[in-house]
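The numbering used here puts the first residue of the sequence shown at 937, with every later residue one more than the last. Ideal Cβ positions, reconstructed from N, Cα and C, are used throughout, including at glycine. What follows is a short report on a single structure.
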Amino acid sequence: MSTLTLTHAQLLDPSQNLDQLSDVIIHDGIIQSITAAGQNTNQDDHPYPANNALLIPSLIDLSAHINHLASETLAAARGGISLLCSQPNSKPIVDTPADVSLIQQASTNADNSEVLPLGALTQGLKGDQLANMHSLKQAGCIALSNAREPIKNALVLRRIMEYATTHDILIMLTAEDIELSANGMMHEGPTANRLGLAGIAEVAETASLAQQLLLVELTGCRVHFSQISCARSVTMIRDAQAHGLPVSADVAIANLMFTDTDVDGYNSTFYVQPPLRSEADRQALLAGVNDGTLAICSNHQGRDIAAKKAPFAAAEPGMSTLDSWLSMMLTLVKKGELELTAMVNASSILPANILRLDAGIQLNQPANLVLVDQTAEVYYDAKSIASRGKNSPVLGEMLMGRVKLTLSAGREVFRA
937 MSTLTLTHAQ
947 LLDPSQNLDQ
957 LSDVIIHDGI
967 IQSITAAGQN
977 TNQDDHPYPA
987 NNALLIPSLI
997 DLSAHINHLA
1007 SETLAAARGG
1017 ISLLCSQPNS
1027 KPIVDTPADV
1037 SLIQQASTNA
1047 DNSEVLPLGA
1057 LTQGLKGDQL
1067 ANMHSLKQAG
1077 CIALSNAREP
1087 IKNALVLRRI
1097 MEYATTHDIL
1107 IMLTAEDIEL
1117 SANGMMHEGP
1127 TANRLGLAGI
1137 AEVAETASLA
1147 QQLLLVELTG
1157 CRVHFSQISC
1167 ARSVTMIRDA
1177 QAHGLPVSAD
1187 VAIANLMFTD
1197 TDVDGYNSTF
1207 YVQPPLRSEA
1217 DRQALLAGVN
1227 DGTLAICSNH
1237 QGRDIAAKKA
1247 PFAAAEPGMS
1257 TLDSWLSMML
1267 TLVKKGELEL
1277 TAMVNASSIL
1287 PANILRLDAG
1297 IQLNQPANLV
1307 LVDQTAEVYY
1317 DAKSIASRGK
1327 NSPVLGEMLM
1337 GRVKLTLSAG
1347 REVFRA
């Protein structure tokens, strides 16, 4: 029997319309009491003084590429993340129930933040033959995805959607026409032209997204679009939702923080998929988060330093972001670009709703929360990053927000 009493925490939970200085009692992992600060009548010999730190629902990451589960779930715990969806392009590819079981067991053994496996939509992620989608769902996959591997053609995608609709399976898609993006490495624009790098036009995303939305309209499939990157895509998702289509979407934190100009000097740290776009795109994506259209994901993809130090054309895409995801968002809040309530909604409440999980900080429910000093500045270097992948875009930078405590399903997975 254990009790944790948080005193004088600035509780913010838009799903419960809570924004107040509070005392919170957690008994055996269950939230037992939420009162205004100072009104708790229960005595605790060892309360945890929050000192006005921000208490929010812990983060739910809709997309992370997991290569070293133990270090990456530790990074997630230290970064305020309680749940993270692992893309199926791991080794082995997650296209059988046995593969799902391996991830679940590894997550249990690590005893950090919980990993929710995403199963493969197609066998071997090859895009042509459907995986045993129902068996993957029964094995515990919260959704199915083809990572960023292409679906062979529209007919295969239609069959996927029809099957998913029949079995009430959430599918996650990326919008990319591989013929239009062929060999592209960054956003098509002045920076790509100056550097002589092959560009990826916005239409490579929007043309694919348009086709996928039409198939959603035809099949009624519940679809989440992962990592959109263009202003026009935000408008298309917003319009689809307004017309009642069962769709949701997220944006990677990198696309909210950076633009294609950060690639200047052939900086492979900023070589990511989808590519960093223009400042106009970044502002439209921020607007989509602030108005509740978009969730935010880490799109974490840890890489060995050697893989990122290769010449740009030979480098591997991806950023290590689990450790810094919350601080990156809070830095955008400090800059006035991201609303704090929208941040909580986009990184916790919306993801929970998309995955059909309980959202927010609720009485008599397991505690999924993070306590963070949002006013503290944190310096990021290789030693401060728990993930084995050190290819972080914020190395050497000061960001806002120091995580003090993370609880996942009532388990204390991190305490500073």
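Terminal residues of the beta strand (DSSP E) in which residue i lies
i: H1179; result: Where H1179 is concerned, there is no enclosing beta strand (DSSP E), given that its DSSP letter is neither H nor E.
i: H1160; result: V1159 to F1161
i: I970; result: I966 to A972
i: I1241; result: I1241 -> not in any beta strand (DSSP E); alpha helix (DSSP H) instead, spanning I1241 to K1245.
i: S1354; result: Since the first residue of the chain shown is 937 and the last is 1352, residue 1354 is not available in this structure.
i: E1124; result: Looking at the DSSP string, E1124 is not in any beta strand (DSSP E), and its letter there is neither H nor E.
i: I1029; result: Taken as a continuous stretch (DSSP letters only), I1029 belongs to no beta strand (DSSP E), as it is neither H nor E.
i: T1022; result: Here the sequence assigns Ser to residue 1022, which means Thr is not the residue at that position. It spans I1017 to S1022 - the beta strand (DSSP E) in which S1022 sits, taken as one unbroken run.
i: I1232; result: A1231 to C1233
Cβ-Cβ distance between residue i and residue j below 8 Å
i: T1009; j: S1043; result: yes
i: R1084; j: T1110; result: yes
i: A1000; j: C1021; result: yes
i: K1088; j: D1113; result: no
i: T1257; j: S1162; result: no
i: G1337; j: D1309; result: yes
i: S888; j: A1075; result: Lying outside 937 to 1352, the shown extent of the chain, residue 888 is not represented and no answer is given.
i: A1251; j: A1243; result: yes
i: L940; j: I962; result: yes
i: I1285; j: P993; result: yes
i: A1056; j: I1029; result: yes
i: D1200; j: T1127; result: yes
i: N1322; j: A1011; result: The sequence shown places Ala at residue 1322, rather than the Asn named in the question. Their beta carbons are under 8 Å apart, which means A1322 touches A1011 by this criterion.
i: T878; j: P950; result: The first residue shown for the chain is 937 and the last is 1352, placing residue 878 beyond what the model contains.
i: A1190; j: M1265; result: no
i: L1181; j: L1133; result: no
Start-to-end residues for the alpha helix (DSSP H) that takes in residue i
i: S1144; result: V1139 to T1155
i: P1329; result: Careful: P1329 lies outside any alpha helix (DSSP H) and carries neither H nor E.
i: D1035; result: P1033 to A1046
i: H897; result: Because the chain in this structure spans residues 937 to 1352, residue 897 falls outside the shown range and cannot be described.
i: Y1359; result: Residue numbering for the chain in the displayed model covers 937 to 1352; residue 1359 lies beyond these limits and cannot be assessed.
i: L1268; result: W1261 to K1270
i: I1290; result: L1286 to L1291
i: E1008; result: L1005 to R1014
Where residue i sits in the DSSP three-state scheme
i: P1215; result: Reading the sequence as shown, one finds Glu at residue 1215 and not Pro. Reduced to three states, the DSSP call for E1215 is helix.
i: K1340; result: strand
i: H982; result: coil
i: R1130; result: helix
i: V1280; result: helix
i: L1192; result: helix
i: P950; result: helix
i: R1168; result: helix
i: E1112; result: coil
i: Y960; result: The residue you asked about is not Tyr; residue 960 is Val in the sequence shown. Note: V960 maps to strand in three-state DSSP.
i: S1256; result: coil
i: I1321; result: coil
i: D1309; result: strand
i: L998; result: strand
i: G1060; result: helix
i: L1106; result: coil
i: G1201; result: coil
Cβ shell of residue i (< 6 Å), same chain only, five flanking positions each side left out
i: A1100; result: I1107 and C1157
i: L1343; result: A1303 and L1305
i: M1097; result: L1151, T1155 and C1157
i: R1351; result: L1341
i: N1235; result: S999, Q1163 and A1188
i: E1138; result: C1166
For residue i, the nearest candidate out of the options (CA to CA)
i: P1053; options: Q1041, I1078 and Q1065; result: I1078
i: K1319; options: S1260, E1348, M1264 and S1284; result: S1260
i: A1185; options: I961, A1178 and R1174; result: R1174
i: A989; options: I966, Q946, P1024 and H963; result: Q946
i: T977; options: I967, P993 and V960; result: V960
i: L1019; options: Y1315, A1312, M1336 and D1294; result: D1294
i: L1131; options: H1123, V1269 and H1160; result: H1123
i: D1196; options: N1129, H1236 and A1251; result: N1129
i: L1331; options: I1164, S1263 and N1289; result: S1263
i: L1061; options: Q1298, K1027 and K1326; result: K1027
i: A1282; options: L998, H1236, P1211 and R1218; result: L998
i: A1176; options: N1203, S1204 and A1146; result: A1146
i: P1024; options: T1171, Q1040 and I1002; result: I1002
i: M1193; options: P1211, G1180 and H1179; result: P1211
i: I1290; options: V1159, G1180, M1334 and R1239; result: V1159
i: T1267; options: V1314, Q952 and D1240; result: V1314
i: N987; options: A1012, S958, G1015 and E1141; result: S958
i: D1198; options: R1218, L1091 and G1180; result: R1218
i: S1214; options: A1246, Y1207, S1165 and Q1237; result: S1165
i: H982; options: L942, D1104 and E1273; result: L942
Cβ-heavy atom distance, residue i to the ligand FAD, below 7 Å
i: Q1177; result: Ligands are entirely absent from the displayed structure, and the ligand FAD is therefore not among its contents.
Sequence-distant residues of the same chain with beta carbon closer than 7 Å to residue i, five excluded per side
i: G1125; result: G1135, D1196 and S1214
i: L1072; result: P1033, V1036, G1055 and L1080
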